Every structure is written in structure tokens, then in C-alpha cells.
Amino acid sequence: DQQVKQNSPSLSVQEGRISILNCDYTNSMFDYFLWYKKYPAEGPTFLISISSIKDKNEDGRFTVFLNKSAKHLSLHIVPSQPGDSAVYFCAARLGAGNNRKLIWGLGTSLAVNP
Amino acid sequence: GAVVSQHPSRVICKSGTSVKIECRSLDFQATTMFWYRQFPKKSLMLMATSNEGSKATYEQGVEKDKFLINHASLTLSTLTVTSAHPEDSSFYICSARRQGGIYEQYFGPGTRLTVT
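Going line by line, the protein sequences match chains A and B.
Numbered by the numbering used here, the letters in the first sequence go through residues 80 to 193 in order.
Numbered by the numbering used here, the letters in the second sequence go through residues 262 to 377 in order.
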């Protein structure tokens with residue numbers, strides 16, 4: 080049962096345009112949502128997060144929107160750059176204290192074309 | 262800050278042997294470390310959660326006798342793949358959680374294990 084879903088396995092965008100990566104979830108107990116970026120043969124690196132009580136968080140070119148009623152979040156990258164080409168994972172935080180863990184989506188591979 | 266290292270980055274071993282992978286938090290104390298496995302074109306699969314000084318908590322379907330986890334200090338956790346088989350070949354990634362904070366898992370660079 081996939082609690083965090085990234086339905087688009089890949090996305091191709093032209094340099095300078097907006098990239099929109101989507102993520103849906105099913106568990107209303109998630110309290111934080113995070114986006115990680117991963118290059119091949121490397122571990123994921125944290126990109127941006129949003130609390131479940133917020134609807135938007137912005138950091139430079141990256142903005143995450145949360146629609147709690149729809150159980151949907153999206154990551155916007157504007158403007159997209161070739162260096163943004165990577166796999167983006169959506170993750171949701173569950174639990175408390177030492178039982179806290181992240182539930183991961185399958186990832187979306189973003190290709191930004193020059 | 263928040264650097265996590267893994268060693269080795271790549272290892273090839275023969276079937277039936279055991280392999281140890283180390284995960285270190287270099288500039289912070291990690292009370293909790295996580296071990297993930299990534300299959301080709303698949304997401305990160307959480308294998309186990311390791312708390313310093315206590316037994317690891319394994320996810321359903323992960324054999325604890327096959328994947329031995331030790332978290333003996335606040336900066337080191339090890340994963341030992343025992344009696345390795347070719348189907349254990351995978352990309353293993355650890356992460357460490359720093360106390361406090363929100364984006365609380367910092368990932369190592371991963372270890373590519375190939376069992377021949």
C-alpha cells in the first residue's frame with residue numbers, strides 16, 4: 080500500500096520554464112512533508128519541507144504547495160536549470176520521538192533541457 | 262554541517278560471505294540512524310531504524326538475522342549482510358537523524374553491493 084504516491088515517473092522541461100512535481104498521500108497523520116533530490120549513485124539531499132499546518136513554503140527557486148483537503152502537494156522550480164536534472168522524492172513524516180520515520184514516494188525523474 | 266559518510270562506497274563479494282557497511286555522522290551526534298535499500302527504478306525502501314545503544318527495529322519483511330545492524334555509538338552504525346546472495350545486490354543507503362530540526366534525515370552517499 081503506497082501511502083505516498085508520485086504518479087509521474089518522469090518529467091521533461093525546457094531550461095528557464097517552470098517544473099512542477101506532484102505528490103499525493105493517503106495518511107492524514109503525516110505531520111511534515113519533505114522533498115529530496117537525488118543524483119545517481121548518491122544519497123538523497125534535502126531540498127525543502129512544509130508543515131502540515133501550512134499551505135506554502137518558499138526557498139529561492141523552490142516552492143512547495145500543500146493542499147491538505149486534497150492530500151496533495153507539489154514542488155515548483157522556477158526557473159528550471161539543467162543542474163536541477165535529478166530524481167525528486169516526496170517524503171512524509173510519521174510518528175513521534177524515536178518512532179518517527181519517513182515514508183517515501185517512488186520518485187520523479189526530472190530532465191531539464193538546455 | 263550534517264555530513265554523513267558511508268564506507269565502502271562500492272563492494273563486490275562472493276556468495277556466502279558477509280559484508281559490513283559503515284555509516285558515520287561526521288559532525289553531529291545521531292541518536293537514530295536508518296538503513297535503506299534502493300532497487301533499480303524503485304523508491305527507497307526502509308529496512309530498519311537503529312537507535313544508539315538498543316536493538317534495531319526492522320521493517321516487515323526484512324530478515325534481522327540476515328541484515329545485522331549495530332549502533333554502538335552516537336556517530337557510527339553498521340549494517341552487516343550475512344551469507345550474501347546475488348539477490349542481495351543493491352544500493353544501500355544510510356541516513357542519520359540529528360536531534361531536533363525538521364529535515365531530520367541526512368543521507369550518506371550510499372554503498373553499491375554486488376554479490377557474485
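For every residue, glycine included, the Cβ atom is placed at its ideal position computed from N, Cα and C.
These numbers were taken from a predicted model, which means no experiment stands behind them.
- Distance from the CA atom of Tyr115 of chain A to the CA atom of Gly186 of chain A, rounded to whole angstroms, is 9 Å.
- The Cβ-Cβ distance between Arg271 of chain B and Thr372 of chain B falls below 8 Å.
- Below the 9 Å Cβ cutoff, chain A contributes Ala120, Glu121 and Gly122 as neighbours of Pro370 of chain B, in chain order.
- Of all residues in the stretch 301 to 319 of chain B, only Lys302, Lys303, Ser304, Leu305, Met306, Leu307, Thr310, Asn312, Ser315 and Thr318 place a beta-carbon less than 9 Å from a beta-carbon of chain A.
- Apart from sequence neighbours up to five positions away, the residues of its chain that approach Phe112 of chain A with a beta-carbon distance below 6 Å are Ile129, Leu152 and Ala171, ordered along the chain.
- Burial is judged here by how many other beta carbons sit within 10 angstroms of a residue's own beta carbon; Tyr367 of chain B has at least 16 and is buried.
- Taken through DSSP and simplified to helix, strand or coil, Asn146 of chain A comes out as strand.
- Of the residues B:Phe300, B:Val280, B:Ser304 and B:Ser344, the one whose Cα lies closest to the Cα of Gln81 of chain A is B:Ser304.
- Counting the other Cβ atoms within 10 Å of the Cβ of Leu287 of chain B gives fewer than 16, which makes it exposed.
- If you look at Ala357 of chain B, you'll find it in the beta strand (DSSP E) that goes Ser351 to Arg359.
- Leaving aside the five residues that flank Leu181 of chain A on each side, the residues in its chain whose CB is nearer than 8 Å to its CB run, in chain order, Leu113, Ala170, Ala171, Arg172 and Leu173.
- Between the alpha carbons of Gln160 of chain A and Leu100 of chain A lies a distance of about 15 Å.
- Taking CB atoms only, Gln366 of chain B has a neighbour in chain A less than 8 Å away.
- Three or more Cβ pairs closer than 8 Å define a contact, and the stretch 289 to 304 of chain B meets that threshold against the stretch 331 to 345 of chain B.
- Listed by position along chain B, the residues whose Cβ is nearer than 9 Å to that of Leu181 of chain A are Phe295, Leu305, Leu307, Ser356, Glu365 and Gln366.
- Note that the C-beta distance between Thr343 of chain B and Ser276 of chain B is not below 8 Å.
- Judged by DSSP secondary structure, Ile99 of chain A falls within the beta strand (DSSP E) whose first and last residues are Ser98 to Tyr104.
- For the pair Arg140 of chain A and Val157 of chain A, the Cα-to-Cα distance works out to about 5 Å.
- Minimum Cα-Cα distance from Asp349 of chain B among the listed residues B:Arg298, B:Tyr319, B:Asn331 and B:Ser266 corresponds to B:Arg298.
- Runs of beta strand (DSSP E) with 3 or more residues, each lying fully within the stretch 287 to 321 of chain B, are found at 291 to 299 and 305 to 312, listed in chain order.
- Cys284 of chain B and Val265 of chain B have their alpha carbons spaced roughly 7 Å apart.
- When CB distances to chain B are screened at a threshold of 9 Å, the residues of the stretch 144 to 168 of chain A falling below it are Phe168, in chain order.
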